[in-house]
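Novice: No gaps in the numbering here: position 165 of the sequence shown is 166 in my numbering, and each next residue is one more.
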Amino acid sequence: MIRINKEVQEALKNNVPVVALESTIISHGMPYPKNVETALRVEKEIRDNGAVPATIGIIDGVAIIGMDPEQIELFGKTKRIVKASRRDLPVIFAKKMWGATTVSATMILAAAAGIEVFVTGGIGGVHRGAETTMDISTDLQELAKTNVTVVCAGAKAILDLPLTLEYLETMGVPVLGYQTKELPCFYTRSSGLKVDYEISNYEEAARIIKEKRNLNLTGGVLITNPIPVQYEMDKDIIDNAIENALKEMDELGIKGKESTPFLLKRITELTGGDSLESNIELVLNNARVGANIAKEYSKL
Ligand code: PSU
Ligand code: MN
């Protein structure tokens, strides 16, 4: 069951650009009330750049495409909303539960609604130590399968970035850098790793997406957009916080879907809130780029 709000429905019908947004970043990615504030600022940024935002989440087993501010507030406040990826969807629908959608579930629902462009912070990827834990985010598989373009600030720096790139290559997902040749790594601009191609403007991005659809090549396009220089974290500080958070996670035996939320929260604490500010700014920056790409795509 999918319910698309009026404004998004109208926009889709009239070829007005629409940008999908996820809800795990609200419920599990940031603390209240910053999470709600950010979600609303991101929506505004998308509107200011000429597109219609559609924040996606599941309420009582119904997927909402275009949550209203009250619903976003509930997702930000309520403690027990399930973090919902692809595997969770059938259960959440059948049991009429609430689900905060991750990148994978948001892609599935955006595609079902007919939305091409989706903006987030950072996608999930291959976790460090995946050789033994096999912890590889289902986001990567989803990018291989589902026809949605994801705009992000790279994979989260808590991950194994070289392995994440290898995985995406195997899965046939184009990894593009918006005005950069380097894969951005979330809190900082450069990882020392190359993206597949640099794109210099919104129109170019839109044309690449269009060609992928014309060729009937199933799957997503990943557009990576570096955090603005002025909001970037100091590399030593963030690397240190990540190392410490990873060590604590091991000691506490935290695994699976709890990993990413734990790490984001601990890193925020260890950096005295600085990493959260960077996270917020990079999402806003992605919203700007995503809205403009959606706008160009709607003209093709
Ligand atoms: N980007 C952020 N914060 C987040 C996420 C992305 O800035 O919290 C979420 C996304 O929903 C992504 C998820 O799908 O983290 C990855 O979780 P996992 O590593 O368990 O697959
Ligand atoms: Mn995982």
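We treat Cβ as the ideally placed atom computed from N, Cα and C, and that holds for glycine.
1. Would you kindly check if the distance between the Cβ of F187 and the Cβ of G115 is under 7 Å?
2. What is the residue span of the alpha helix (DSSP H) that F94 lies within?
3. Go to F187, then tell me how far its beta strand (DSSP E) extends in each direction, as first and last residue.
4. Can you grab the Cα-Cα spacing for the pair P175 / A106, in whole Å?
5. With 16 as the cutoff for other CB atoms within 10 Å, does T189 come out buried or exposed?
6. Helix, strand or coil for V37, going by three-state DSSP, please let me know.
7. On a CA-only basis, which of L301, N293, R289 is nearest V43? Give me that one, please.
8. Name, in chain order, the residues that DSSP records as bridge partners for I224.
9. Thinking Y179 and T225 are a contact (beta carbons under 8 Å), I'd like their distance in whole angstroms, please.
10. Between R267, E132, V152, A111, which lies nearest to T121 when the distance is taken from Cα to Cα?
11. Given a threshold of 16 other Cβ atoms within 10 Å of its Cβ, counted over all protein chains shown, does D89 qualify as buried or as exposed?
12. Which of helix, strand or coil does DSSP assign to L218?
13. Following the continuous beta strand (DSSP E) through I66, name the residue where it begins and the one where it ends.
14. Per DSSP, K146 forms a beta bridge with which residues?
15. For the segment 135-142 and the segment 230-241, state whether three or more C-beta atom pairs, one from each stretch, are separated by less than 8 Å.
16. For T4, does the three-state DSSP call read helix, strand or coil?
17. Quick test of the definition: if touching needs 3 or more C-beta pairs under 8 Å, does the segment 72-84 touch the segment 3-19?
18. Which residues does DSSP pair with I137 in a beta bridge?
19. Please determine if the segment 195-208 and the segment 284-299 are in contact, where contact requires at least 3 C-beta pairs separated by less than 8 Å.
20. Does DSSP put A158 in a helix, a strand or coil?
21. Looking at ligand 2, does it come within less than 6 Å of D136, judged from the CB to the closest heavy atom?
22. My assumption, with CB atoms under 8 Å, is that N6 sits in contact with G67. Please give the rounded CB distance.
23. Identify the continuous beta strand (DSSP E) that holds I200 and give its terminal residues.
24. Does the distance from the C-beta atom of D161 to that of V196 stay below 7 Å?
25. Considering Cα atoms alone, identify which of T25, T103, T39, L110 is closest to T79.
26. Mind checking whether V20 and I3 have CB atoms under 7 Å apart?
27. Here's the rule I'm using: 16 or more other beta-carbon atoms within 10 Å means buried, otherwise exposed. How should A207 be labelled?
28. Taking the continuous alpha helix (DSSP H) assigned at G77, which residues delimit it?
29. Only counting the same chain, and skipping five residues up and downstream in sequence, which positions put a Cβ closer than 6 Å to that of I27?
Specialist: This is what the structure holds:
1. no
2. 90-95
3. Segment: none, F187 is in no beta strand (DSSP E) and carries neither H nor E.
4. 20 Å
5. buried
6. Of the three classes helix, strand and coil, the one that applies to V37 here is helix, per DSSP.
7. R289
8. Partner(s): V152, L177.
9. 7 Å
10. V152
11. The residue is buried, with at least 16 neighbouring Cβ atoms inside 10 Å.
12. Coil.
13. 63-66
14. DSSP lists no partner for K146.
15. No, they do not touch.
16. Here residue 4 turns out to be Arg, not Thr, going by the sequence shown. DSSP places R4 in strand when its eight states are reduced to three.
17. no
18. V127
19. yes
20. coil
21. yes
22. About 3 Å separates the Cβ atoms of N6 and G67, confirming a contact at the 8 Å cut-off.
23. That run of the beta strand (DSSP E) goes 198-200.
24. Not closer than 7 Å, so no.
25. Residue T25 is the option with its Cα nearest to T79.
26. no
27. buried
28. Unbroken alpha helix (DSSP H) run through G77: 70-78.
29. N36, A40, F76, G77
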